[in-house]
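K.L.:
Count along the sequence shown from 1, add 11, and you get the number used in my numbering. This is the structure I have questions about; it appears just below.
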Amino acid sequence: RDIIIDVELSDVRRNTIAAIDNGAVMISFIPSEQDCRQDSNNVTNEFFFVIDCSGSMAGDDKIGLARKAMLLFLKSLPVNCRFNIIRFGSKFSALFTDQVTREYNKANMCEAEAMIKDMGADLGGTELLMPLHWLKENKPPANCPSRALVKGLARATNGYFNFIAPHTNVDIYVAEQLARALQPSIADVYVKWNTSQRILYKVPEHAPPVFVGDRLLFYALLDETMPFDHTTTVELFTGMQQQPIGLARIDHVPSVLGSQFVMRLVAKALLRELSNDQKTIDKELLINISIKYGILCPYTAFIGVERRLNTNNESNIDMKLREVPIMI
12 RDIIIDVELS
22 DVRRNTIAAI
32 DNGAVMISFI
42 PSEQDCRQDS
52 NNVTNEFFFV
62 IDCSGSMAGD
72 DKIGLARKAM
82 LLFLKSLPVN
92 CRFNIIRFGS
102 KFSALFTDQV
112 TREYNKANMC
122 EAEAMIKDMG
132 ADLGGTELLM
142 PLHWLKENKP
152 PANCPSRALV
162 KGLARATNGY
172 FNFIAPHTNV
182 DIYVAEQLAR
192 ALQPSIADVY
202 VKWNTSQRIL
212 YKVPEHAPPV
222 FVGDRLLFYA
232 LLDETMPFDH
242 TTTVELFTGM
252 QQQPIGLARI
262 DHVPSVLGSQ
272 FVMRLVAKAL
282 LRELSNDQKT
292 IDKELLINIS
302 IKYGILCPYT
312 AFIGVERRLN
322 TNNESNIDMK
332 LREVPIMI
């Protein structure tokens, strides 16, 4: 028989939790639906569908799957939203060029359906920069596949991705992505660190959007030469009115203080953020952080050295060095 455990919380779940080391603090923020809906009552949903129509989409009916997915997306869009479809390869073309997005209505939907049904893998190479640049330069009027490419784009925009295998039903993936796109979110989270210790680094520098039930992590690397401030608090706000949405108090130091687990997590997040900032990348700083905390960066590596103390031992007589090729 199955064992069912029913857990009833004695208090309202806190959306902000802190974990600490002597020189590091990690804040975990998981917003509720109420948190996300505070400023999203009058939001108009806008959808940009950017479709790879390069020659690499020709095999295994990949372009056919893209057509099926797009038709499902198109028929599932909510009322009062706006949308546009952009095809790209060596060049790119947008469905609507007079406006960045158009209202989702019957006429525009029929125009989009006609484009999707005629869509082919006929645009040459895979050049995604041009359509993304066009989207950036033509912002909507408002108040404001490469696996590595897809994953990197999702990570940079705090988005989500699905890889759909050939000859697979796309319905589940389309419904999953659309449901997430329609969720309320918090797009402007601000963090205030109240501590007497000097903060060396804060990660991330700019908080990404966060959806209901997702987790947003904030890190601070503190000056280890100063005594830990047990009165430290971290406040989270959102919106131009600085609406408070979370508070974490650090009123005690855990017994596992010497593990440096949180400090390594902070170092890893810091290295990732510094490595992604291609404009001001500091190679020496990355190497120093990597060596100090034992976390790899693009310029460091772990090296294992085998030392044989007793070379005359019989067990070492038949040992030979074999170089094993490793694909990276």
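Even for Gly, the Cβ is constructed at its ideal location relative to N, Cα and C. Because the structure is a prediction, the values reported are computed rather than measured.
Using the beta-carbon count (16 or more within 10 Å), is TYR171 buried or exposed?
P.N.:
Along the sequence shown, read from residue 1 onward, the residue named residue 171 stands at position 160. So TYR171 ends up on the exposed side.
K.L.:
Ignore the nearest five residues each way along the sequence and tell me which others in ASP133's own chain have a CB closer than 6 Å to its CB.
P.N.:
Along the sequence shown, one-based indexing puts residue 133 at 122. Here the set comprises nothing.
K.L.:
Expressed to the nearest angstrom, what Euclidean distance is found between the alpha-carbon atoms of GLU216 and MET120?
P.N.:
Along the sequence shown, read from residue 1 onward, the residue named residue 216 stands at position 205. Along the sequence shown, read from residue 1 onward, the residue named residue 120 stands at position 109. Spanning the two alpha carbons is a distance of roughly 40 Å.
K.L.:
Between PRO42 and GLU334, what straight-line distance do the alpha-carbon atoms span, to the nearest angstrom?
P.N.:
For the purposes of this step, residue 42 is taken as the residue at position 31 of the sequence shown. For the purposes of this step, residue 334 is taken as the residue at position 323 of the sequence shown. When rounded, the distance between both Cα atoms is 51 Å.
K.L.:
Have a look at LEU281, GLY315, SER207 and flag the residue whose alpha-carbon is nearest the alpha-carbon of MET37.
P.N.:
Stepping through the sequence shown from its first residue, residue 37 is reached at position 26. Of the candidates LEU281, GLY315, SER207, the one whose C-alpha sits nearest the C-alpha of MET37 is LEU281.
K.L.:
Considering only C-alpha positions, which residue in the set VAL273, ALA125, ILE183 is nearest to SER39?
P.N.:
Locating residue 39 in the sequence shown gives position 28, where the first residue counts as 1. Checking every option, the nearest Cα to that of SER39 belongs to VAL273.
K.L.:
If you run the structure through DSSP and keep just helix, strand and coil, what is THR311?
P.N.:
On the sequence shown, residue 311 is found 300 positions in, with the first residue counted as 1. In this structure, THR311 counts as coil in the three-state DSSP scheme.
K.L.:
Kindly list the residues whose CB is nearer than 6 Å to the CB of ARG209, restricted to its own chain and excluding five residues on each side of it in sequence; keep chain order.
P.N.:
Residue numbering aside, residue 209 sits at position 198 when the sequence shown is read from its first letter. Excluding positions up to five away in sequence, the list reads ASP234.
K.L.:
Excluding the 5 residues preceding and the 5 following THR311 in the sequence, name in chain order all residues of the same chain whose CB lies nearer than 7 Å to its CB.
P.N.:
The residue given as residue 311 occupies position 300 in the sequence shown. Within the same chain, THR311 has close Cβ partners ILE298, SER301, ILE302.
K.L.:
For the 8 Å Cβ check, are there 3 or more pairs between the stretch 176 to 189 and the stretch 199 to 206?
P.N.:
no
K.L.:
Thinking just about the alpha-carbon of each residue, which of GLN254, CYS92, LYS79 is nearest to the one in ARG113?
P.N.:
Indexing the sequence shown from 1 puts residue 113 at position 102. Nearest of GLN254, CYS92, LYS79 to ARG113, Cα basis: CYS92.
K.L.:
Alpha carbon to alpha carbon, how far is LEU211 from ALA231? Give it in angstroms, no decimals.
P.N.:
Reading the sequence shown from its first residue, position 220 is the one you call residue 231. Reading the sequence shown from its first residue, position 200 is the one you call residue 211. Roughly 7 Å between the two C-alpha positions.
K.L.:
Rounded to a whole number of angstroms, what is the C-alpha to C-alpha distance between ASN154 and THR55?
P.N.:
Numbered from its first residue, the sequence shown carries residue 154 at position 143. Numbered from its first residue, the sequence shown carries residue 55 at position 44. At ASN154, the pLDDT of 40 sits below 50, so the modelled position is not reliable; the number obtained from the coordinates is stated separately. Taking the straight line from one Cα to the other gives about 10 Å.
K.L.:
From PHE174 to ARG158, what does the alpha carbon distance come to, in whole angstroms?
P.N.:
In the sequence shown, residue 174 corresponds to position 163, counting from 1. In the sequence shown, residue 158 corresponds to position 147, counting from 1. Rounded to whole angstroms, PHE174 to ARG158 spans 8 Å at the Cα level.
K.L.:
Can you tell which of LYS86, ILE256, PHE248 has the C-alpha that lies nearest to the C-alpha of TYR115?
P.N.:
Counting from 1 along the sequence shown, the entry for residue 115 is found at position 104. Checking every option, the nearest Cα to that of TYR115 belongs to LYS86.
K.L.:
Report the three-state DSSP secondary structure of ASN10 (helix, strand or coil).
P.N.:
The structure shown does not extend to residue 10, since the chain is modelled only from 12 to 339, so the question has no answer here.
K.L.:
Counting only the same chain and skipping the five closest in sequence on each side, list residues whose C-beta sits under 7 Å from that of ASP182.
P.N.:
Walking along the sequence shown from the start, residue 182 turns up at place 171. Result list for ASP182: LEU83, in chain order.
K.L.:
Buried or exposed, going by whether 16 or more other CB atoms sit within 10 Å of the CB of PRO142?
P.N.:
Taking the first residue of the sequence shown as 1, we reach residue 142 at position 131. With 16 or more Cβ atoms within 10 Å of its Cβ, PRO142 is classed as buried.
K.L.:
With distance defined between alpha-carbon atoms, name the residue in THR108, ASN33, ALA198 nearest to GLN253.
P.N.:
As a first step, residue 253 is located in the sequence shown; it is residue number 242 there, counting from the start. It is ALA198.
K.L.:
Give the list of continuous beta strand (DSSP E) stretches no shorter than 3 residues that lie fully inside the stretch 215 to 281.
P.N.:
227 to 233, 244 to 249, 254 to 260
K.L.:
So, is ASN180 buried or exposed, given that buried needs 16 or more other C-beta atoms within 10 angstroms?
P.N.:
For the purposes of this step, residue 180 is taken as the residue at position 169 of the sequence shown. ASN180 should be labelled exposed.
K.L.:
What does the alpha-carbon distance come out to for the pair LEU146 and ASP71?
P.N.:
By one-based count along the sequence shown, residue 146 stands at place 135. By one-based count along the sequence shown, residue 71 stands at place 60. The straight-line gap from Cα to Cα measures roughly 30 Å.
K.L.:
For SER101, does the three-state DSSP call read helix, strand or coil?
P.N.:
Residue numbering aside, residue 101 sits at position 90 when the sequence shown is read from its first letter. It is coil, neither helix nor strand.
K.L.:
Apart from the five residues just before and just after MET130, which ones in its own chain have a Cβ nearer than 8 Å to its Cβ?
P.N.:
Residue 130 sits at position 119 when you count from the first residue of the sequence shown. Hits under 8 Å: ILE62, CYS64, ILE74, ALA77, ARG78, MET81, ARG98.
K.L.:
If I'm right that ALA29 touches ILE261 with Cβ under 8 Å, what's the distance once you round it to whole angstroms?
P.N.:
Residue numbering aside, residue 29 sits at position 18 when the sequence shown is read from its first letter. Residue numbering aside, residue 261 sits at position 250 when the sequence shown is read from its first letter. 5 Å between Cβ atoms; contact.
K.L.:
With 16 other CB atoms within 10 Å as the buried threshold, where does PHE103 fall?
P.N.:
In the sequence shown, residue 103 corresponds to position 92, counting from 1. Classification for PHE103: buried.
K.L.:
What residue range is occupied by the uninterrupted alpha helix (DSSP H) comprising SER43?
P.N.:
As a first step, residue 43 is located in the sequence shown; it is residue number 32 there, counting from the start. First-last for SER43: undefined, no H or E at that position.
K.L.:
Count the other C-beta atoms from every protein chain shown that fall within 10 angstroms of the C-beta of ALA278, then say buried if there are 16 or more, exposed otherwise.
P.N.:
Translated into the one-based positions of the sequence shown, residue 278 becomes position 267. Buried, because 16 or more other Cβ atoms sit within 10 Å of the Cβ of ALA278.
K.L.:
Is VAL90 helix, strand or coil when you go by DSSP?
P.N.:
On the sequence shown, position 79 is the one that residue 90 refers to. Note: VAL90 maps to coil in three-state DSSP.
K.L.:
Leaving aside the five residues before and after THR291 along the sequence, list all residues of the same chain whose C-beta is less than 8 Å from its C-beta, in chain order.
P.N.:
Translated into positions along the sequence shown, residue 291 becomes position 280. Excluding residues up to 5 positions away in sequence, nothing lies with its Cβ nearer than 8 Å to the Cβ of THR291 in the same chain.
K.L.:
Assign ILE15 to one of two classes, buried (16 or more other C-beta atoms within 10 Å of its C-beta) or exposed (fewer than that).
P.N.:
For the purposes of this step, residue 15 is taken as residue 4 along the sequence shown, with counting starting at 1. Counting C-beta atoms within 10 angstroms of its own C-beta, ILE15 has fewer than 16 neighbours from the protein chains shown and is therefore classed as exposed.
K.L.:
Please classify ASN26: does DSSP put it in a helix, a strand, or coil?
P.N.:
Residue mapping note: residue 26 aligns to position 15 of the sequence shown, counting from 1. Of the three classes helix, strand and coil, the one that applies to ASN26 here is coil, per DSSP.
K.L.:
Report all residues from its chain with a CB closer than 8 Å to the CB of GLY309; omit the five preceding and five following residues, and keep chain order.
P.N.:
Taking the first residue of the sequence shown as position 1, residue 309 is located at position 298. One detail in the question is off: residue 309 reads as Pro in this sequence, not Gly. Taken in chain order, the residues that qualify are SER286, LEU297.
K.L.:
Determine whether the beta carbon atoms of LEU139 and ALA123 lie at a separation below 9 Å.
P.N.:
Residue numbering aside, residue 139 sits at position 128 when the sequence shown is read from its first letter. Residue numbering aside, residue 123 sits at position 112 when the sequence shown is read from its first letter. Between LEU139 and ALA123, the gap from beta carbon to beta carbon reaches 9 Å or more.
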